[in-house]
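Printed below as a string of structure tokens:
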């Protein structure tokens, strides 16, 4: 316990900061990150996005392929997101410069062909997977794309992909993902519906892909939370869309900048509640509801308890309630925080290695095609 409570052993500041080429941002760029929901980009649409502290232009070509390129046209610096998608290319609205999806210059009105050959855009590898758009922002060749066989079985139900932009630092949300105890309070009504009443004992272990946190309750039951480095959580959770069972749930916590994050989740919904589906069409932004709660304009109990993203609202109030960037130096960690301590220890080790130019751990599944267990008794 004394080791866990020794705050001096776990300085977290570098974990939180990704802007201005901070070491955590460099580390995050070495992994595939989701940036958008695919269905929100019909062919021919371009949008400006911000990730890891920088702006980019994401567009879907008329043939359906996604492309991510640098945000500003190399001519006069106008965002390409305001331009036109032509085939799989994008044309700047300012002076008509046109670039292919791989960044190659194609047309430069009023300029010579020789001049045009010397100019191109920075482009990034993109994958459309499970209804989300993933991008590799790193400078080197991208690593193997991380697949999640737990979510690929179409016979298991409808694919649900949802996202929210939340007004606090991403690392607070990553830590929250391995905090099993908080669900008994922050999401109390959800858990009672599934008989999860007893507070669990927490243990944690580093794995080939990240870490696994084990929550063991008095009746001997166990629940596993898998964390894929650096920012992916995979476990079974209770969701509004299907209250008949705990649902396999994957979630990514991607920093937009130091004070804002994208939370994107993917679930397979076996028995979709049609009333919730209706609410999804007109639901109030969860970040706005959380803002009203934190401004004392309403309470969490005032919110529609069938809001499709109620758990996100609840987590935003508690995580954002730590401050936009948490002041961890004043924490008093305990036995229930063992997984958080391990998470910070792993991050600290990897960031120090990156800053010193040493070899980083090669995170990967032990068997990329085999689904992971969600209870200790199911482990081989």
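In the numbering used here, the protein residues as written are 148 to 527.
All C-beta atoms in this analysis are idealised placements derived from N, C-alpha and C, irrespective of residue type, glycine included.
By alpha-carbon positions, which one of 516, 464, 171 ends up nearest to residue 332? In the chain shown, counting from the first residue as 1, residue 332 sits at position 185. Of the candidates 516, 464, 171, the one whose C-alpha sits nearest the C-alpha of residue 332 is 464.
Run the CB neighbour count on residue 155, radius 10 Å, all protein chains shown included, and call it buried at 16 or more, exposed below. Looking up residue 155 in the chain shown gives position 8. With a pLDDT of only 44 at residue 155, under 50, the local geometry of the prediction cannot be trusted, and the value read off the model is given with reservation. Residue 155 should be labelled exposed.
Going by DSSP in three states, residue 494 sits in which element: helix, strand or coil? Residue mapping note: residue 494 aligns to position 347 of the chain shown, counting from 1. In this structure, residue 494 counts as helix in the three-state DSSP scheme.
DSSP on residue 214, reduced to helix/strand/coil? For this step, residue 214 is matched to residue 67 along the chain shown. Strand, per DSSP.
Quickly, what does DSSP pair residue 379 with across the bridge? List them, please. Working through the chain shown from its first residue, we reach residue 379 at position 232. 375, 399, per the DSSP bridge assignment.
Which runs of the beta strand (DSSP E) at least 3 residues long sit entirely within the stretch 293 to 338? Give them in chain order. 305 to 313
Which residues share a DSSP beta bridge with residue 245? Residue mapping note: residue 245 aligns to position 98 of the chain shown, counting from 1. 238, 254, per the DSSP bridge assignment.
Whole-angstrom distance between residue 406 and residue 315, CA atom to CA atom: On the chain shown, residue 315 is found 168 positions in, with the first residue counted as 1. On the chain shown, residue 406 is found 259 positions in, with the first residue counted as 1. When rounded, the separation of the alpha-carbon atoms in residue 315 and residue 406 is 5 angstroms.
For residue 429 and residue 456, I'd like the C-alpha separation in whole angstroms. Counting from 1 along the chain shown, the entry for residue 429 is found at position 282. Counting from 1 along the chain shown, the entry for residue 456 is found at position 309. If I take the Cα positions, the gap works out to 12 angstroms.
Cβ-Cβ distance between residue 170 and residue 182 below 8 angstroms: For the purposes of this step, residue 170 is identified with residue 23 of the chain shown, where counting begins at 1. For the purposes of this step, residue 182 is identified with residue 35 of the chain shown, where counting begins at 1. No, the pair does not count as a contact, with Cβ atoms beyond the cut-off.
So residue 224 and residue 193 are supposed to be a Cβ contact under 8 angstroms. How far apart are they, rounded? To locate residue 224, count along the chain shown from 1; it is residue 77. To locate residue 193, count along the chain shown from 1; it is residue 46. In fact, because the Cβ distance is near 16 angstroms, the residues do not count as touching under 8 angstroms.
Please identify the residue among 309, 318, 439, 377 whose C-alpha is closest to the C-alpha of residue 180. Position 33 of the chain shown, counted from the first residue, corresponds to residue 180. Checked all of 309, 318, 439, 377; the closest Cα to residue 180 is 377.
In its own chain, which residues sit with a C-beta less than 6 angstroms from the C-beta of residue 206, not counting the 5 before and 5 after it? Residue numbering aside, residue 206 sits at position 59 when the chain shown is read from its first letter. So the list reads 193, 214, 232, 237, once near-sequence residues are dropped.
Enumerate in chain order the residues of its own chain whose CB-to-CB distance from residue 375 is below 6 angstroms, with the five nearest sequence positions on each side excluded. Here the question's residue 375 lines up with position 228 in the chain shown. Around residue 375: 356, 357.
Using DSSP's beta-bridge definition, name the partner residues of residue 358. To locate residue 358, count along the chain shown from 1; it is residue 211. Answer by DSSP bridge pairing, in chain order: 353, 374.
Return the first residue and the last residue of the beta strand (DSSP E) that residue 279 is part of. For the purposes of this step, residue 279 is taken as residue 132 along the chain shown, with counting starting at 1. Run containing residue 279: 279 to 282, per the beta strand (DSSP E) assignment.
Whether residue 489 touches residue 362 by CB criterion (8 angstroms): The count along the chain shown starts at 1 and reaches residue 489 at position 342. The count along the chain shown starts at 1 and reaches residue 362 at position 215. It is not a contact, given that the beta carbons lie outside the stated cut-off.
Enumerate, from N- to C-terminal direction, the unbroken alpha helix (DSSP H) stretches of 4 or more residues contained entirely within the stretch 411 to 461. 421 to 429, 433 to 441
Tell whether a beta-carbon distance below 8 angstroms holds between residue 416 and residue 388. One-based indexing of the chain shown puts residue 416 at position 269. One-based indexing of the chain shown puts residue 388 at position 241. At a Cβ-Cβ threshold of 8 angstroms, residue 416 and residue 388 count as neighbours.
So residue 395 and residue 312 are in contact, right, with Cβ under 8 angstroms, and what is the actual spacing, rounded? Residue numbering aside, residue 395 sits at position 248 when the chain shown is read from its first letter. Residue numbering aside, residue 312 sits at position 165 when the chain shown is read from its first letter. Contact flag wrong, Cβ pair sits at about 24 angstroms.
Indicate whether the contact test is met: 3 or more Cβ pairs, each with one atom in the stretch 463 to 478 and one in the stretch 315 to 329, closer than 8 angstroms. yes
Is it true that the CB of residue 247 sits closer than 8 angstroms to the CB of residue 254? Translated into positions along the chain shown, residue 254 becomes position 107. Translated into positions along the chain shown, residue 247 becomes position 100. No; because the gap between Cβ atoms is not below 8 angstroms, this pair is not in contact.
For residue 258, which of 249, 269, 245, 521 has the nearest alpha-carbon? Against the chain shown, residue 258 aligns to sequence position 111. The shortest Cα separation from residue 258 among 249, 269, 245, 521 belongs to 245.
Mind reading off the beta-carbon distance from residue 453 to residue 426? Whole number of angstroms is fine, and I expect it under 8 angstroms. Position 306 of the chain shown, counted from the first residue, corresponds to residue 453. Position 279 of the chain shown, counted from the first residue, corresponds to residue 426. Taking 8 angstroms as the upper bound for CB-CB distance, residue 453 and residue 426 are in contact here, some 6 angstroms apart.
Could you tell me which residues DSSP pairs with residue 275 in its beta bridges? The residue labelled residue 275 in the question sits at position 128 within the chain shown. Beta-bridge pairing by DSSP links residue 275 to 280.
I'd like to know whether the C-beta atoms of residue 297 and residue 520 end up nearer to each other than 8 angstroms. Position 150 of the chain shown, counted from the start, is the residue given in the question as residue 297. Position 373 of the chain shown, counted from the start, is the residue given in the question as residue 520. In this structure, residue 297 sits away from residue 520, with a CB-CB distance that is not shorter than 8 angstroms.
Would you kindly work out how many angstroms separate the C-alpha atoms of residue 184 and residue 263, rounded to a whole number? Here residue 184 refers to the residue found at position 37 of the chain shown. Here residue 263 refers to the residue found at position 116 of the chain shown. Their Cα atoms are separated by approximately 34 angstroms.
For a quick check, are the C-beta atoms of residue 349 and residue 485 less than 8 angstroms apart? In the chain shown, the residue the question calls residue 349 occupies position 202. In the chain shown, the residue the question calls residue 485 occupies position 338. Going by C-beta atoms, residue 349 is nearer than 8 angstroms to residue 485.
Indicate whether residue 295 and residue 198 have their beta-carbon atoms separated by less than 8 angstroms. Start at 1 with the first residue of the chain shown, and residue 295 comes out as number 148. Start at 1 with the first residue of the chain shown, and residue 198 comes out as number 51. For residue 295 and residue 198, no; Cβs fall outside 8 angstroms.
Looking at C-alpha atoms only, which residue of 178, 218, 328, 240 is the closest neighbour of residue 482? Numbered from its first residue, the chain shown carries residue 482 at position 335. The residue with the shortest Cα to Cα distance from residue 482 is 328.
Just verifying my parser: in three-state terms, what is the DSSP assignment at residue 344? As a first step, residue 344 is located in the chain shown; it is residue number 197 there, counting from the start. Residue 344 falls in the coil class under three-state DSSP.
Among 384, 309, 353, nearest to residue 343 - alpha-carbon criterion: Sequence index remark: in the chain shown, residue 343 carries index 196 (1-based). Per the Cα distances, 384.
Could you check the C-alpha separation between residue 219 and residue 167 for me, to the nearest Å? For the purposes of this step, residue 219 is taken as residue 72 along the chain shown, with counting starting at 1. For the purposes of this step, residue 167 is taken as residue 20 along the chain shown, with counting starting at 1. Each residue's Cα considered, the two are about 18 angstroms apart.
Test item: CB-CB of residue 269 and residue 325 under 8 angstroms: In the chain shown, counting from the first residue as 1, residue 269 sits at position 122. In the chain shown, counting from the first residue as 1, residue 325 sits at position 178. Result no, Cβ atoms of residue 269 and residue 325 do not sit closer than 8 angstroms.
State the start and end residues of the unbroken beta strand (DSSP E) segment that holds residue 170. The residue you call residue 170 lines up with position 23 of the chain shown. Residue 170 -> not in any beta strand (DSSP E); alpha helix (DSSP H) instead, spanning 170 to 175.
Alpha carbon of residue 272 to alpha carbon of residue 210, nearest angstrom: Locating residue 272 in the chain shown gives position 125, where the first residue counts as 1. Locating residue 210 in the chain shown gives position 63, where the first residue counts as 1. Going from the Cα of residue 272 to the Cα of residue 210 covers about 17 angstroms.
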